[in-house]
Amino acid sequence: MDLTTTTAAAGTMTATAGSTIIVQDDDNIEANASIAALIIATIAFFAAVAQLTQSIISAARGLPNCSSDVMGNWARATSRNFKWSEFRLQVFFESPVIFLAHYRNERVPVPGAPAWYADGTDDSRARFRLGPKPAPPPETTSSSTMSSTGKQNGELSARHLRLQERTHNVDNERVSWLKLLETIQKMEDMASAWERQQESPRVSSGHPDLVVWMQPKKRSFDYNPAVKKPYANTTICHIVELAAMLGLYWKLFDRDANKYRAEGNGSSLLGTRVDELGIVFVFEATGHPQFNRNRVIPTSALKEVCFGNVPTIFRPTDAASDAAIRGGPLPEQTDLMTLQFGSRQEIAQTLNLIGCNTATRLYYLQEKKHIHLFPVTFEILGMLGRTLHLLGRPFTYLPNPTIFEWNRQSFSMRRMLEQFTASLSGAIESFHVTVPDELNSVRDYATALLRAIPPSERDPLQPTQLELLHHTLSLLDELLLQKDKAVVLDVLRRHLQEVLVAINTPAEGSEAPSAASSSTRSSRSPREISFDNLLDVPPEYREVEFMAMYFEEIRYRVISNTDDDAYGNNQAAEASRAIQEKSDKEKAQRKEYHRQSFQAASIRSMPLTGPSASGGLGEGLPPQQPARRSTDAPIRPPPTAAARGTSTPVAGTRKPAEDAAAADPDPSPYQGGRDETSPKILTTQPTFRPPGHDGGPQPGKAPRPPRNADEVHRNSIWCILVLRMICWLLLHNFDKNDVQLSKSGLVGNRQPVYIM
Numbered sequence: 001m002d003l004t005t006t007t008a009a010a011g012t013m014t015a016t017a018g019s020t021i022i023v024q025d026d027d028n029i030e031a032n033a034s035i036a037a038l039i040i041a042t043i044a045f046f047a048a049v050a051q052l053t054q055s056i057i058s059a060a061r062g063l064p065n066c067s068s069d070v071m072g073n074w075a076r077a078t079s080r081n082f083k084w085s086e087f088r089l090q091v092f093f094e095s096p097v098i099f100l101a102h103y104r105n106e107r108v109p110v111p112g113a114p115a116w117y118a119d120g121t122d123d124s125r126a127r128f129r130l131g132p133k134p135a136p137p138p139e140t141t142s143s144s145t146m147s148s149t150g151k152q153n154g155e156l157s158a159r160h161l162r163l164q165e166r167t168h169n170v171d172n173e174r175v176s177w178l179k180l181l182e183t184i185q186k187m188e189d190m191a192s193a194w195e196r197q198q199e200s201p202r203v204s205s206g207h208p209d210l211v212v213w214m215q216p217k218k219r220s221f222d223y224n225p226a227v228k229k230p231y232a233n234t235t236i237c238h239i240v241e242l243a244a245m246l247g248l249y250w251k252l253f254d255r256d257a258n259k260y261r262a263e264g265n266g267s268s269l270l271g272t273r274v275d276e277l278g279i280v281f282v283f284e285a286t287g288h289p290q291f292n293r294n295r296v297i298p299t300s301a302l303k304e305v306c307f308g309n310v311p312t313i314f315r316p317t318d319a320a321s322d323a324a325i326r327g328g329p330l331p332e333q334t335d336l337m338t339l340q341f342g343s344r345q346e347i348a349q350t351l352n353l354i355g356c357n358t359a360t361r362l363y364y365l366q367e368k369k370h371i372h373l374f375p376v377t378f379e380i381l382g383m384l385g386r387t388l389h390l391l392g393r394p395f396t397y398l399p400n401p402t403i404f405e406w407n408r409q410s411f412s413m414r415r416m417l418e419q420f421t422a423s424l425s426g427a428i429e430s431f432h433v434t435v436p437d438e439l440n441s442v443r444d445y446a447t448a449l450l451r452a453i454p455p456s457e458r459d460p461l462q463p464t465q466l467e468l469l470h471h472t473l474s475l476l477d478e479l480l481l482q483k484d485k486a487v488v489l490d491v492l493r494r495h496l497q498e499v500l501v502a503i504n505t506p507a508e509g510s511e512a513p514s515a516a517s518s519s520t521r522s523s524r525s526p527r528e529i530s531f532d533n534l535l536d537v538p539p540e541y542r543e544v545e546f547m548a549m550y551f552e553e554i555r556y557r558v559i560s561n562t563d564d565d566a567y568g569n570n571q572a573a574e575a576s577r578a579i580q581e582k583s584d585k586e587k588a589q590r591k592e593y594h595r596q597s598f599q600a601a602s603i604r605s606m607p608l609t610g611p612s613a614s615g616g617l618g619e620g621l622p623p624q625q626p627a628r629r630s631t632d633a634p635i636r637p638p639p640t641a642a643a644r645g646t647s648t649p650v651a652g653t654r655k656p657a658e659d660a661a662a663a664d665p666d667p668s669p670y671q672g673g674r675d676e677t678s679p680k681i682l683t684t685q686p687t688f689r690p691p692g693h694d695g696g697p698q699p700g701k702a703p704r705p706p707r708n709a710d711e712v713h714r715n716s717i718w719c720i721l722v723l724r725m726i727c728w729l730l731l732h733n734f735d736k737n738d739v740q741l742s743k744s745g746l747v748g749n750r751q752p753v754y755i756m
């Protein structure tokens, strides 16, 4: 091969190698570019995915507000679900449904969900998904921190809780219903701790009649787009009941403007309407709530009382009757099963059911005077209201069912009990006839209470004294329910009419009485009375003059049934006689019916001895007397024990303990029974002086005793009603800032409301 050929071949090989190198460089560049593009595309993909995820998550309504910072331990139940049909994330959370019911309640608003009621224990707090209770206070303290009663632990606990509240009040981002659940548990815990401190074996910390229940319910913000925070659910009637149980009283309750505000006992509740949702409430802590002596009685009657309705002694006490009435607004009444005090119109309707005349109702409709030492509506409440105190529990407070405030600073119910006992003893001594057993019993009850209850208002009533008041009310109810209801209401209506006339009658030397007061009696008595005379009486003698006026003036205007009485009203006396005659006639008819029924049963039980000479059965039986027709003259009821001479006239010879021991082998606490912790009855007259005796305050004219059997009967009813009023108002108490706002139409109302 020549040189030329070799050179050409070498050049060809060199050119081929160069082109190969160029091709390889191009491939590397393309590969690198592809890798870079892939990396960029991957990054872009993940960025797009992240952006899509972020948009999906950000579109999840309410998710940021379902954290533990907002919901506490309830945030643990928050869940997320991707909704493929809408390509978005749906957030679910759990929040409580709150309602009030009996602790044995089985009907729940959320079927299938667990339900628990609050009792303040650690287990209950865990079920309510709350944190542990604050740590107990230190055991060693200086003497300066000890309370005057020596119960330093309770005081230190309260101080410790207040410090805890100051720390937690800065957590304003939390939902308010979490604070509400905490307050509910605190109420039960503090009340139980205070109840255990009561030095009485009678106090029982058993289950109350009314408790706060809670059920968790799964929810989603998608169903209520107007809401941004998790919300709890209840009803309008339960929010009113819950506010009453926590010691809150309503300052504003306007359903037309949808404005609601309740406050008291260190808490507040604000409500308004939110578009596309409904009525929304916000619970706030404004101070340091206390749940000891001022804790509201946990009775099921709270479901009525907080709306201005109070069950009477005439309503059956079975749960079915109460549940039927509490299930909705009260229908039109005809038998006075419920007292209504939620507005002036409702008070007038209650007076109408009692039987009061139009002028008496106008005192409230026209906003006339209605207060002597306290509003007259509380007299009605004490005379006819059912006993709402729970036997064995030391709590006495109730939500005020009336539109008027209850302020005990201007009078003393204990001094009133003292003066009632003295006045009744003086009235019994003036009797010209045999004293009825029931009237002696009333004096015995009052005397036993007077001995057991401390005279000073600064000494709180102990559980044994509350129990004695409760038992006294039960005994007085038995006496009243044995009477004819029409006669009892007639005595009450005449009492209310006379009292309101006296309240609205100016004292002597003042301007003439108003037309309304003048029209209350068809013929005015020559002796006008006026409660204006109490205005100049020193506070120490206010109850003395008050009870003297009741016994010497009001009582005889009420019990009078004769036309020639200078005290009374001829038309009212005539109406009372007609009511009494009708009552006597009905008693006689019932007696005759029972006699005939007994005789017919005796005939059916006799053996058949063959037909008689007249062809009938039962030959030789005494002929039956025909039943008395309704047109016959009224028959008086059979004589009482007093009329038969079995009771002892009060003239210093009566021995109640000996009589009771002979009549009853197991006497009650009023007669010195087996129970050594019960106060014993006094066997002598009280040490204080009746009005007008031995230098006591002069009440005026000496009382006139009843003149006939009907007046004696009505006198006993009046004394029972007045003592019952005193006992009822001693046993129950109200916050002086609490007055009722009209909302009786919401009883049992299940309109849903929300708590944010």
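The sequence shown begins at 1 in UniProt numbering and counts up by one. Backbone N, C-alpha and C define an ideal beta-carbon position, used for all residues, glycine too.
Classify residue i: buried if its beta carbon has 16 or more other beta carbons within 10 angstroms, exposed otherwise.
i           : result
residue 276 : exposed
residue 49  : exposed
residue 738 : buried
residue 553 : buried
residue 736 : exposed
residue 406 : buried
residue 761 : Lying outside 1 to 756, the shown extent of the chain, residue 761 is not represented and no answer is given.
residue 327 : exposed
residue 51  : exposed
residue 223 : exposed
residue 374 : buried
residue 728 : buried
residue 80  : exposed
residue 287 : exposed
According to DSSP, is residue i helix, strand or coil?
i           : result
residue 108 : coil
residue 233 : strand
residue 482 : coil
residue 179 : helix
residue 813 : Here the chain has residues from 1 to 756 only, and residue 813 is not among them.
residue 310 : strand
residue 400 : coil
residue 742 : coil
residue 430 : coil
residue 305 : helix
residue 186 : helix
residue 462 : coil
residue 529 : coil
residue 435 : coil
residue 456 : coil
residue 326 : helix
residue 420 : helix
residue 811 : Only positions 1 to 756 of the chain appear in the structure, and residue 811 is not among them; the question remains open.
residue 211 : strand
residue 555 : helix
With a CB to CB cut of under 8 Å and the five nearest residues on each side skipped, what residues in its chain are close to residue i?
i           : result
residue 235 : 99, 749, 750, 751, 752, 753
residue 154 : The pLDDT assigned to residue 154 is 45, lower than 50, so where the model puts this residue is not dependable, and the model offers no usable value.
residue 460 : 293
residue 385 : 310, 311, 312, 313, 339, 728
For residue i, which residues in the same chain have their Cβ closer than 7 Å to its Cβ, ignoring the five residues on either side in sequence?
i           : result
residue 119 : 188
Going along the chain, which residues of its own chain have a beta-carbon closer than 6 Å to the beta-carbon of residue i, five neighbours each way excluded?
i           : result
residue 292 : 194
residue 115 : 108, 213, 215
residue 261 : 251, 252, 270
Ranges of the alpha helix (DSSP H) found wholly within the stretch 246–301, counting only runs of at least 4: none
Which runs of the beta strand (DSSP E), 3 residues or longer, sit entirely within the stretch 336–398? 338–340
Return the chain-ordered ranges of every alpha helix (DSSP H) run that is complete within the stretch 28–108 and spans a minimum of 4 residues. 68–71
Does the contact criterion of 3 or more C-beta pairs under 8 Å hold for the stretch 380–397 versus the stretch 308–326? yes
Is the stretch 434–449 touching the stretch 544–563, taking contact as three or more C-beta pairs under 8 Å? no
Any contact of the stretch 351–370 with the stretch 391–398, i.e. 3+ C-beta pairs under 8 Å? no
Counting pairs of Cβ atoms below 8 Å between the stretch 278–288 and the stretch 176–187, do you hit three or more? yes
Contact between the stretch 460–479 and the stretch 489–505 (3+ Cβ pairs under 8 Å): no
Determine, using beta-carbon pairs with one atom in the stretch 211–226 and one in the stretch 95–110, whether at least three such pairs fall under 8 Å. yes
Between the stretch 712–730 and the stretch 411–428, are three or more C-beta pairs nearer than 8 Å? yes
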